[in-house]
Amino acid sequence: MNIKEPENDGYSAGYSLWKDLSDGWIEGPYTNFIPAHAAFELEASVAKIKRKNGSMNPDFYILGPNEKIYDITLELFRKSSDFLRIGGFNLLTGQDLIFASIAYLENAYLVTKDRAFKTHVASHIKVIDLNDSKNNPIYRREFGI
């Protein structure tokens, strides 16, 4: 969830990327795959922040036509087990393996602030590390902008 929230200066690379996609700055069709377990975690986190009278950008948490809840199934589990033989995937655990497996299967970008993905599996999947875009949208280079 931390990729969506702003840094100390108020800029959020995650929100900026989401807006670039939804507003058409990054051209072409896209789908945001949200693993089912992450959708539950997101809702719980939003509720917790609201209980504490915290503020959030509500637009970011709306499931729109470009978001797809990705079911965690036995088939995904079996395919993920196969990935453990691929260098780097064997260093991931739990939900990190789920995120990387979905990115691999869907030929999708994995957008993260966790440097482990770039270190371990970037040779097998496309990783956008938002740490590189903390102050400005460096991620746009990935899309030729």
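Quick note on full-length UniProt numbering: the sequence shown kicks off at 1 and runs consecutively.
We put the beta carbon where it would ideally sit given N, CA and C, even for glycine.
Note that the structure is predicted; figures quoted are calculated from it, not measured.
Classified as buried, phenylalanine 117 has 16 or more neighbouring CB atoms from the shown chains inside 10 Å of its CB.
Around the beta carbon of alanine 122, fewer than 16 other beta carbons sit within 10 angstroms, so the residue counts as exposed.
In this structure, isoleucine 125 sits near tyrosine 104, with a CB-CB distance shorter than 7 Å. At a Cβ-Cβ threshold of 7 Å, alanine 100 and isoleucine 72 do not count as neighbours.
Under the three-state reduction of DSSP, glutamate 27 is assigned to coil, being neither helix nor strand. The DSSP assignment places complete beta strand (DSSP E) segments of no fewer than 3 residues inside the UniProt domain "PIN" (23–118) at 32–35, 67–70, 109–112, in order along the chain. A buried status is given to tyrosine 70, since no fewer than 16 other beta-carbon atoms sit within 10 Å of its beta-carbon.
Look at the segment 115–140 and you find these whole runs of alpha helix (DSSP H), each 4 residues long or longer: 115–121. Counting of Cβ neighbours within 10 angstroms places aspartate 23 among the exposed residues, the total staying below 16. When the beta-carbon positions are compared, leucine 130 and alanine 13 come within less than 7 Å of each other. DSSP, reduced to helix, strand and coil, places glutamate 142 within a helical segment of the structure shown. In the structure shown, aspartate 20 adopts helical secondary structure according to DSSP, grouped into three states. Within a 10 Å sphere around the beta-carbon of isoleucine 145 sit fewer than 16 other beta-carbons, which makes this residue exposed.
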